[in-house]
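Peer 1: Below is a structure I'd like to ask you about.
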Amino acid sequence: MKDKLRPIGIFDSGVGGLTVVKEVMRTLPNEEIIYFGDTARVPYGSKSKETVVRFSIENILFLLQHNVKLIIIACNTSSSVALSVVERNFKVPVMGVIKPGVEEALRVTRNNIIGIIGTKATINSGSYEKEIHSIDAKTKVYSMACPLFVPLVEEGWLNTPVTKDVAAEYLMPLKSKGADTIVLGCTHYPLLKPMIREVLGSGVTLVDSARQVACRARDVLSEHNLLAGKRKGKPDVWFYVSDEPDNFSRVGRRFLGFSLGNVRKVSHV
Ligand code: DGL
Numbered sequence: 058m059k060d061k062l063r064p065i066g067i068f069d070s071g072v073g074g075l076t077v078v079k080e081v082m083r084t085l086p087n088e089e090i091i092y093f094g095d096t097a098r099v100p101y102g103s104k105s106k107e108t109v110v111r112f113s114i115e116n117i118l119f120l121l122q123h124n125v126k127l128i129i130i131a132c133n134t135s136s137s138v139a140l141s142v143v144e145r146n147f148k149v150p151v152m153g154v155i156k157p158g159v160e161e162a163l164r165v166t167r168n169n170i171i172g173i174i175g176t177k178a179t180i181n182s183g184s185y186e187k188e189i190h191s192i193d194a195k196t197k198v199y200s201m202a203c204p205l206f207v208p209l210v211e212e213g214w215l216n217t218p219v220t221k222d223v224a225a226e227y228l229m230p231l232k233s234k235g236a237d238t239i240v241l242g243c244t245h246y247p248l249l250k251p252m253i254r255e256v257l258g259s260g261v262t263l264v265d266s267a268r269q270v271a272c273r274a275r276d277v278l279s280e281h282n283l284l285a286g287k288r289k290g291k292p293d294v295w296f297y298v299s300d301e302p303d304n305f306s307r308v309g310r311r312f313l314g315f316s317l318g319n320v321r322k323v324s325h326v
């Protein structure tokens, strides 16, 4: 197969990385995509660095079996703790989601007070603060782990009173610190965007890094001369999971707005 026609590999611990798939499909409409959601082992956000690194390597090896030309780690937890370990160890480029989100947050903040929300592992890693302060040491950063958001999203509870109460509990402290920008530092959280917006009001800008990740992926492919040209028909998008596909298909359809087709269960994990 010609190098440029090889698929892009994207993985996440579950359904959340579909937020990145959606933007990659929009920004790179000629690219085939292989997505892997590690639904048997989600959540990653409460696991140790060693475990998340091991899972991430296994997921990358799975995607490489499908001859991918680029790997996007569409998981903030894995990007926070595993990217620096894995990024130079494979023959294809591997990119994460932290840097694109940080660049966007610094572009849109007006008062240089940024809130970060993510899993416990992402927040404890300090990955966002480090990245922000490497670009602008004066920006104030406040972080909040929101461990209940992921199970709510995996359950498809995107707009229930319970979810709204949980969101208010997590988010109001960041608002009261004066943050005018909040980074949705977990690929599951964009599915809660309407709810989060309702809780925080219009004065706070929400940064969902998926769009920036897709733009960065376009740049990386272009740098490597790997951008696919125009195809006859729509390129294929393949979905794989490590546990039963039903819930993934249901939440995924709701989010992507189309049926995911044949979601395959694989057993590399
Ligand atoms: N997708 C993960 C992330 O972006 C959240 C879910 C998990 O904890 O595995 O951090």
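Numbered per my numbering, the sequence shown spans residues 58 to 326.
The C-beta atom is built at its ideal place from N, Cα and C for all residues, glycine as well.
Who pairs with Y92 in a beta bridge, going by DSSP?
Peer 2: Looking at the DSSP assignment, Y92 forms a beta bridge with I67 and F296.
Peer 1: Expressed to the nearest angstrom, what Euclidean distance is found between the alpha-carbon atoms of T176 and V308?
Peer 2: Their backbone Cα atoms lie some 20 Å apart in a straight line.
Peer 1: I'd like the ranges of any beta strand (DSSP E) spanning at least 3 consecutive residues and lying wholly in the segment 227 to 268.
Peer 2: Segments of the beta strand (DSSP E) lying fully in the segment 227 to 268: 238 to 242 and 262 to 264.
Peer 1: Is the beta carbon of G94 closer than 7 Å to that of V72?
Peer 2: Yes.
Peer 1: Which residues mark the beginning and the end of the beta strand (DSSP E) in which L127 is found?
Peer 2: That run of the beta strand (DSSP E) goes L127 to I130.
Peer 1: I want to check one thing, is the minimum distance from the CB of C132 to the heavy atoms of the ligand DGL below 6 Å?
Peer 2: Within the cutoff, so yes.
Peer 1: Distance check for K289 and S259, CA to CA, integer angstroms please.
Peer 2: Near 42 Å, if we compare the C-alpha coordinates of K289 and S259.
Peer 1: Taking the beta carbon of R83 as the centre, do at least 16 other beta carbons fall within 10 Å, making it buried, or is it exposed?
Peer 2: Burial call: exposed.
Peer 1: Could you have a look at K79 and say whether DSSP puts it in helix, strand or coil?
Peer 2: In the structure shown, K79 sits in a helix (DSSP, three-state: H, G or I).
Peer 1: Report yes if the C-beta of T244 is less than 6 Å from at least one heavy atom of the ligand DGL; otherwise report no.
Peer 2: Within the cutoff, so yes.
Peer 1: Check the DSSP bridge columns for A202 and list the partner residues they point to.
Peer 2: Paired residues: G175.
Peer 1: Nearest to T196 by CA position, among E212, V165, K221 and D303, is which residue?
Peer 2: Nearest of E212, V165, K221 and D303 to T196, Cα basis: V165.
Peer 1: Report whether the distance from the Cβ of T238 to the nearest heavy atom of the ligand DGL is below 6 Å.
Peer 2: Flag unset: Cβ of T238 not near the ligand DGL.
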